[in-house]
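**Q**
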Amino acid sequence: MTTLSLTTADPAKAKTDVLVVAAYAGPNGPVPADQRFADAVSTAALTGASGKAGELTLVPGDGSVAAVVVAVVGLGAEDKFIPEVLRKAAGIASRGVAGKPSITSTLGLIDLTAAAEGHLLGGYVFDRYKTPSKPPVESIALSVTKNDKATKATLRDAVATAEGVLLARDLINTAPNDLFPQAFAERATAAAEAAGLSVEVFDENQLAAQGFGGILAVGSGSSRPPRLVRVAYSPKGATKTVALVGKGITFDSGGLSIKPAQGMENMTSDMSGAACVVATVIAAAALRLPVAVTAWAAMAENLPSGSSYRPGDVIRHYGAHGEPGKTVHVLNTDAEGRLVLADAIVRAAEEEPDYLIETSTLTGAQVVALGNRTMAVMGSDDFRDRVAELAREVGEGGWSMPLPEELGESIQSQVADLQNINWDRVGGMLVAGHYLSNFVPDGLPWAHLDVAGPAFNSGKPYGYNGSGGTGVPVRTLLAVLADIAAG
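In terms of the numbering used here, the sequence shown opens at residue 12 and continues consecutively.
1) DSSP state of arginine 139, grouped into three classes?
2) With a cut-off of 8 angstroms, do at least 3 Cβ pairs link the stretch 383 to 400 to the stretch 291 to 309?
3) Should tryptophan 434 go down as buried or exposed, given a rule of 16 or more other Cβ atoms within 10 Å for buried?
4) Which residue spans inside the stretch 197 to 227 form an unbroken beta strand (DSSP E) run of at least 3?
5) Starting from the N-terminal side, write out each stretch of the beta strand (DSSP E) that is 3 residues or longer and does not extend beyond the stretch 27 to 97.
6) Going by alpha carbons, who is nearest to arginine 436 out of Val288, Thr372 and Asn343?
7) Could you say which of Val80, Tyr35 and Ser234 lies nearest to lysine 26 if we only look at CA atoms?
8) Judging by CA-CA distance, which residue of Ser424, Thr252, Gly257 and Leu418 is the nearest neighbour of glycine 498?
9) What residues are listed by DSSP as bridge partners for glutamate 369?
10) What did DSSP end up calling arginine 358 once you bin it into helix, strand or coil?
11) Which residues in the same chain have their Cβ closer than 7 angstroms to the Cβ of leucine 414, if we skip the five residues on either side of it in sequence?
12) According to DSSP, is arginine 408 part of a helix, a strand, or is it coil?
13) Can you pull the DSSP bridge partners for tyrosine 244?
14) Assign asparagine 216 to buried or exposed, taking buried as 16 or more other Cβ atoms, counted over all protein chains shown, within 10 Å of its Cβ.
15) Figure out for me which residue from Asn313, Glu89 and Ser105 has the closest Cα to the Cα of leucine 67.
16) In chain order, what residues of the same chain lie with their CB nearer than 7 angstroms to the CB of isoleucine 103, ignoring the 5 residues before and after it?
17) Whether or not the stretch 185 to 202 and the stretch 152 to 161 are in contact is what I'm after, with contact meaning three or more pairs of Cβ atoms, one per stretch, closer than 8 angstroms; do they touch?
18) Considering only residues of the same chain and omitting the five flanking positions on each side of lysine 270, which have a CB-CB separation below 8 angstroms?
19) Where does threonine 481 fall in DSSP's three states?
20) Answer yes if the stretch 323 to 337 comes into contact with the stretch 300 to 311, meaning at least three C-beta pairs across the two stretches below 8 angstroms, and no otherwise.
21) Along the chain, where does the alpha helix (DSSP H) containing methionine 275 start, and where does it finish?
22) Is it buried or exposed, tyrosine 366, if we count other Cβ atoms within 10 angstroms and call 16 or more buried?
23) For leucine 460, does the count of other Cβ atoms within 10 angstroms reach 16, so buried, or fall short, so exposed?
24) Which full runs of the beta strand (DSSP E) of 3+ residues lie inside the stretch 281 to 335, going along the chain?
25) Using a threshold of 8 angstroms, state whether the C-beta atoms of alanine 254 and threonine 200 are closer than that.
26) For alanine 60, count neighbouring Cβ atoms within 10 angstroms of its own Cβ and tell me buried if that reaches 16, exposed if not.
27) Report the residue from Pro94, Gly408, Leu429 and Glu417 whose alpha carbon sits nearest the alpha carbon of proline 484.
28) What's the gap between the Cα of arginine 47 and the Cα of valine 462?
29) Tell me the DSSP secondary structure of methionine 440 in three-state form.
30) How would you write the range of the beta strand (DSSP E) that leucine 15 sits in, first residue to last?
31) Taking a contact to mean a Cβ-Cβ separation below 8 angstroms, would you say valine 339 touches leucine 429 in this structure?
32) Measure the Cβ-Cβ separation of alanine 34 and alanine 44 and say whether it is below 8 angstroms.
33) Answer with buried or exposed for asparagine 188, where buried requires no fewer than 16 other C-beta atoms within 10 angstroms of its C-beta.
34) Assuming threonine 338 is part of the beta strand (DSSP E), what are its boundary residues?
35) Using the three-state DSSP reduction, which class does serine 150 fall into: helix, strand or coil?
36) In terms of residues, what are the limits of the alpha helix (DSSP H) holding isoleucine 183?
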């Protein structure tokens, strides 16, 4: 990962490979955010720069700066500026100057948190299987007006947040032959224990003995059995407790209800929810948030074989406190995420948290409804809206969605308590939300984050997101935890 440092030295005098400066979009071309770099911005304007958000223009250093190259990033109209614009600009700059040993960035003078997060997230490169043609920037010096205790704390928190996102990205981007349930559990355990957190791993024998019928059914077709991982952060003095539940399907073929071949390779990302809740609880500890957090990662590999669960099977979910769990008539083995999540939700709720948040790449219907960059948020009304608003504030995008009563009725079964889908394709995302709601205790504030689109970028890089796992919604979850702690 790129190393960040703080500097109060004059950035114009920094002898660095690249100096990053910002410009707003004015009526007659780019307007420098810092007048010290007006000459560089003017040079950029001569090459066609306008200052629009997302624009990156590289120009040679001149007599006004000591840097070899000046990277001018656009922020758009100044009156519409928000921190997310700067976060994206920093990410674009880090990606655009990859291969350079070091840079000095003046973006920290505008918003240190957004600049630090953007530079780290935008500079991320997943290099486990291939050496990148241009290595990421080794170090970035962030210009600040003062390097005091508060400024250092701001940088520390931004780095901890970014590290959480990057941990999730690393897990998501790992190939499924290397990240099957046991391997995923081992990596989660190692990362959590290194952070001083307590970890419990339920193997297939424990899952069977305790009746986790959903997780076991989904994992039954694979030679690599499922796991349920519990990671707990319990700071002294915490007065609120939050359960985080994540879907960890390490590869989803659809099972016997097999998916089309085209695009199936992206189903390596179907464990994004689990990766994000594990990363979030580790980041919460690094941030020393005064709230107790327990992450539950339900891990299974959904494959077709002679031992796979079948359409038509009736399975029994985990039941709280030793009571029999709900029975479910399986109509489609590709609606598997809700099956593993239901087990984990019931188990998490046994510990009586004050809030429960679940996140998953759950439905293709989420992408149809909201696209690839806006997560859907369902759940109890007030908490749902609170989570969606915080998602928008941190730049991860969130939109509140309803749970219409008639869609809940559509998954009532004639042969079991529930069925895992309805055959009417209308409202598929909301039907999945209804399914999960059946396993949340009455009165428990909860939110379901469907990140099927936002969790994985199968297209070109944008903002501070490259191709592959994005780490959404780690920053949203951290913002919610901080909000709960503050309230």
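Where a beta carbon is used, it is the ideal one built from N, C-alpha and C, also for glycine. Here the structure is a predicted model, which is why all the values come from computation and not from measurement.
**A** According to the structure data:
1) Position 128 of the sequence shown, counted from the start, is the residue given in the question as residue 139. Under the three-state reduction of DSSP output, arginine 139 falls in the coil class, being neither helix nor strand.
2) When Cβ pairs closer than 8 angstroms are counted between the two stretches, the stretch 383 to 400 is seen not to touch the stretch 291 to 309, the count staying below three.
3) Translated into the one-based positions of the sequence shown, residue 434 becomes position 423. With fewer than 16 other Cβ atoms inside 10 Å of its own Cβ, tryptophan 434 counts as exposed.
4) Listed in chain order, the complete beta strand (DSSP E) runs (minimum 3 residues) inside the stretch 197 to 227 are 209 to 213.
5) For secondary structure counted as the beta strand (DSSP E) over 3 or more consecutive residues, the stretch 27 to 97 holds these complete runs in sequence order: 29 to 37, 40 to 43, 67 to 71 and 80 to 85.
6) Locating residue 436 in the sequence shown gives position 425, counting from the first residue. Taking only the C-alpha atoms, the option nearest arginine 436 is Asn343.
7) Translated into positions along the sequence shown, residue 26 becomes position 15. For the set Val80, Tyr35 and Ser234, the Cα lying nearest the Cα of lysine 26 is the one of Val80.
8) If you number the sequence shown from 1, residue 498 lands on position 487. Answer by Cα proximity: Thr252.
9) Taking the sequence shown and counting its residues from 1, the one referred to as residue 369 is at position 358. For glutamate 369, which the question treats as bridged, DSSP gives the partners Val256 and His459.
10) The sequence position of residue 358 within the sequence shown is 347, counting from 1. The answer is helix: DSSP assigns arginine 358 an H, G or I state.
11) Counted from its first residue, the sequence shown places residue 414 at position 403. For leucine 414, where only same-chain residues beyond five positions count, the Cβ hits under 7 angstroms are Met389, Leu441, Gly444, His445 and Ser448.
12) Locating residue 408 in the sequence shown gives position 397, where the first residue counts as 1. The identity of residue 408 in the sequence shown is glycine, whereas the question assumes arginine. In the three-state scheme derived from DSSP, where H, G and I count as helix and E and B as strand, glycine 408 is classed as coil.
13) For this step, residue 244 is matched to residue 233 along the sequence shown. The partner list for tyrosine 244 (beta bridge, DSSP) reads Val304.
14) Walking along the sequence shown from the start, residue 216 turns up at place 205. Under this definition asparagine 216 is an exposed residue.
15) Taking the sequence shown and counting its residues from 1, the one referred to as residue 67 is at position 56. Nearest Cα to leucine 67 within the set Asn313, Glu89 and Ser105: Ser105.
16) Indexing the sequence shown from 1 puts residue 103 at position 92. Take isoleucine 103, set aside five residues on each side of it, and the residues of its chain with a beta-carbon closer than 7 angstroms to its own are Gly65, Leu67, Val84, Gly133 and Gly474, in chain order.
17) Contact between the stretch 152 to 161 and the stretch 185 to 202 is absent, because fewer than three Cβ pairs lie under 8 angstroms.
18) Counting from 1 along the sequence shown, the entry for residue 270 is found at position 259. Counting only residues of its own chain and dropping the five nearest sequence neighbours on each side, lysine 270 has a CB closer than 8 angstroms to the CB of Asp263, Ser264, Met278 and Asp345.
19) Taking the first residue of the sequence shown as 1, we reach residue 481 at position 470. Coil.
20) Judged by Cβ distances under 8 angstroms, the stretch 300 to 311 makes no contact with the stretch 323 to 337, as fewer than three pairs qualify.
21) One-based indexing of the sequence shown puts residue 275 at position 264. In the DSSP assignment, methionine 275 falls outside any alpha helix (DSSP H) and carries neither an H nor an E.
22) The residue given as residue 366 occupies position 355 in the sequence shown. Under this definition tyrosine 366 is a buried residue.
23) Position 449 of the sequence shown holds residue 460. Here leucine 460 is buried. Its C-beta has 16 or more other C-beta atoms within 10 Å.
24) Counting only runs of 3 or more, we get 303 to 313 and 325 to 327.
25) Residue 254 sits at position 243 when you count from the first residue of the sequence shown. Residue 200 sits at position 189 when you count from the first residue of the sequence shown. Cβ atoms of alanine 254 and threonine 200: not closer than 8 angstroms.
26) Counting from one through the sequence shown, the residue named residue 60 turns up at place 49. With a threshold of 16 other beta carbon atoms within 10 Å, alanine 60 meets it and is buried.
27) By 1-based counting over the sequence shown, the position of residue 484 is 473. Comparing Cα-Cα distances from proline 484 to each of Pro94, Gly408, Leu429 and Glu417, the minimum goes to Gly408.
28) Reading the sequence shown from its first residue, position 36 is the one you call residue 47. Reading the sequence shown from its first residue, position 451 is the one you call residue 462. Rounded to whole angstroms, arginine 47 and valine 462 show a C-alpha spacing of 42 angstroms.
29) Stepping through the sequence shown from its first residue, residue 440 is reached at position 429. Note: methionine 440 maps to helix in three-state DSSP.
30) Walking along the sequence shown from the start, residue 15 turns up at place 4. For leucine 15, the uninterrupted beta strand (DSSP E) segment begins and ends at 14 to 18.
31) Counting from one through the sequence shown, the residue named residue 339 turns up at place 328. Counting from one through the sequence shown, the residue named residue 429 turns up at place 418. A contact, by the Cβ cut-off of 8 angstroms.
32) As a first step, residue 34 must be located in the sequence shown, where it is residue number 23. As a first step, residue 44 must be located in the sequence shown, where it is residue number 33. Using a Cβ distance threshold of 8 angstroms, alanine 34 and alanine 44 count as a contacting pair.
33) Numbered from 1 along the sequence shown, position 177 holds the residue referred to as residue 188. Label assigned to asparagine 188: exposed.
34) Locating residue 338 in the sequence shown gives position 327, counting from the first residue. Annotation for threonine 338: the continuous beta strand (DSSP E) segment containing it runs 338 to 340.
35) The sequence position of residue 150 within the sequence shown is 139, counting from 1. Serine 150: strand per DSSP, three-state reduction.
36) In the sequence shown, the residue the question calls residue 183 occupies position 172. Here the alpha helix (DSSP H) through isoleucine 183 covers 160 to 184.
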